[in-house]
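In the working numbering, the protein residues as written are 713 to 1248. Beta carbons are placed, not taken as given, at the ideal position from N, Cα and C, and that holds for glycine.
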Ligand code: FAD
Ligand code: SIN
């Protein structure tokens, strides 16, 4: 039987693994850390989509909201198709065992988030991602045709012929983190589902695995990366000294939470809280939607307010809301906040924007097949799905809860394509596959600690390539990244590989591409805002 290797065990990877295995493929899922560690596992708000096929008005609104959030830059056709497919794919998730929250009448409890004009988000309280991840993982673990390998890091793709303009992938080099060796994986098809790269920034909502590996690997193999300047910053990550990033879901604002600066909050309190809190919120200056404006607008608004006030965070106010209902609806957020002496529905929550989602990524067609940068054809046997890919759905800014949706739709399409073409895929190249860097492995030594280099990269990206950019800062970031690239290359060529080294090499490469894409974009649109651009 042909064998497909999937890199990544989030929603995109696991959903595709189950579909491919059901279609007869031998499936191997490799994943960098533990099986569940992924952005998917931390998703809070939910998944957007209209379940009722006959609800064309609802679908039209979902399409419009997505296009508006994308700031006119979405591929409209892709948006229409994904929105129309949403109901079927969400039903697939339910069939796999995902439990979405229902109300007392047994109907799905639909909610609203920023940029949405209707309630169409299904959720599992504030742990939607965990619910999805757990359901998919338990199916995958028990599937006889799926092998799951944790602590296996996809390192580089093996091309059939490096010199040819036409590209075909015939295998994968994988770093086994426990054994500390690079192994050669033969495969008939590869699906990259390695997620995004929030870890390029000091402040992020993403887990430690999000280091943009898949994008870097695909780029080195000749894939086209697009829209990389559009990094989404979530307006409300907790500004608390926690050991891992923590998001305060936009759904809290969908429930009525309001953003204020500290001085606005103090003023509201001195007025005995008798006036509506939204009347005090700076967000009204930036959008009629106030605290529920789209993320690009809110993140910039907060950035501007913080620059102006010199404060380190703004506040998310929930004390005007029903405390019991709020805590029932957001139990995980409440438990997290309690550790810091903050009670949901009582105390203001300090929040700041944080890198959250990579809108850009590996350019793919409607089947998730990867586009060759040299000639616009597809790279044979290679697919990319989920956050690692760029389909055109999100334009210049992703609408809330559209990511899980897009991931599941493209995951389904890629696996359907593999199902339909299963007989054409079988290769017998095992003997021909080269070992990793067969020519450059002599005299390798242990490398020195890379912690400072990583900090330098994150600090540069945060300061110079963040919510608000300028030509000067982008150019400074590029110069710094070019120096770091040289440094990392030297270490790479003389050192035994380790996870930190592999990740740093990937992150530097993607940082350079983000910065260059930001410099190339001369108009301000969606998530990209450069104060030197003329239309700002
Ligand atoms: P991920 O879920 O990130 O999975 C990537 C996988 O690849 C992981 O298993 C990782 O370990 C593995 N991996 C990475 N590199 C390698 C490598 N080199 N080799 C092998 N394995 C590798 N979106 C929504 O639509 N709704 C929400 O409510 C929502 N909330 C969010 C909340 C948080 C805190 C975060 C961080 C994101 C949220 N998002 C939300 C975004 C959404 O969760 C992600 O975009 C989506 O889960 C991505 O799924 P994925 O399968 O593409 O990648
Ligand atoms: C959130 O819950 O605020 C995150 C939703 C998303 O990223 O789509």
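- Excluding residues up to 5 positions away in sequence, 1186, 1189, 1226, 1227 and 1230 lie with their Cβ nearer than 7 Å to the Cβ of residue 1177 in the same chain.
- About 25 Å separates the Cβ atoms of residue 732 and residue 1106, ruling out a contact at the 8 Å cut-off.
- Pairwise C-beta distances place the region 1157-1176 out of contact with the region 1115-1126, as fewer than three of them are shorter than 8 Å.
- In this model, residue 988 and residue 1003 are separated by some 13 Å (Cα to Cα).
- With a minimum length of 3 residues, there is no unbroken run of beta strand (DSSP E) contained wholly in the region 1119-1154.
- Remark: the shortest separation between the CB of residue 1112 and any heavy atom of ligand 2 falls under 7 Å.
- Straight across, the Cα-Cα distance linking residue 784 with residue 1223 is about 25 Å.
- Beta-bridge annotation (DSSP): residue 883 is paired with 870 and 898.
- According to the DSSP assignment, residue 1092 belongs to the beta strand (DSSP E) that extends over 1090-1096.
- For ligand 2, a non-hydrogen atom lies closer than 7 Å to the CB of residue 1069.
- With a cut-off of 8 Å on Cβ pairs, the region 1088-1096 is in contact with the region 926-942, counting three or more such pairs.
- Inclusion of residue 743 in the 7 Å shell around ligand 1 follows from its C-beta lying nearer than that to a non-hydrogen atom of the ligand.
- DSSP places residue 864 in the strand class (E or B) of the three-state scheme.
- If the five residues before and after residue 801 are omitted, its C-beta is found closer than 8 Å to the C-beta atoms of 761, 1117, 1120, 1121 and 1124, all from its own chain and listed in chain order.
- Contact check for residue 862 and residue 745: beta-carbon distance about 7 Å, within the 8 Å limit, so the pair qualifies.
- With 16 or more other Cβ atoms from the protein chains shown falling within 10 Å of its own Cβ, residue 940 counts as buried.
- Shortest gap from the CB of residue 763 to any heavy atom of ligand 1: 7 Å or more.
- If you check the CB distance, residue 960 and residue 1061 come in under 8 Å.
- Taking all protein chains shown into account, residue 1058 has fewer than 16 neighbouring C-beta atoms within 10 Å of its C-beta and is therefore exposed.
- A distance below 8 Å separates the beta carbons of residue 1113 and residue 825.
- Here DSSP, grouped into helix, strand and coil, assigns residue 1233 to coil.
- Under the three-state reduction of DSSP output, residue 1114 falls in the coil class, being neither helix nor strand.
- Residue 1020 carries a helical assignment under DSSP once its states are collapsed to helix, strand and coil.
- Under the DSSP definition of a beta bridge, residue 1073 partners with 938.
- Residue ranges of uninterrupted alpha helix (DSSP H) with 4 or more members, entirely inside the region 966-1012 and ordered along the chain, are 974-982.
- Residue pairing from DSSP places residue 1207 in a beta bridge opposite 1157.
- For residue 959, the distance from the CB to the nearest heavy atom of ligand 2 is below 7 Å.
- When DSSP states are grouped into helix, strand and coil, residue 838 belongs to the coil group.
- Rounded to whole angstroms, the separation of the alpha carbons of residue 830 and residue 770 is 8 Å.
- Assignment of residue 786 by DSSP, reduced to helix, strand and coil, places it in the coil class.
- If you check the C-beta of residue 1187 against ligand 1, you find no heavy atom less than 7 Å away.
- A distance criterion of 7 Å places the beta-carbon of residue 756 in contact range of ligand 1, judged by its closest non-hydrogen atom.
- The beta-carbon separation of residue 1133 and residue 1006, rounded to 39 Å, does not stay under the 8 Å limit for a contact.
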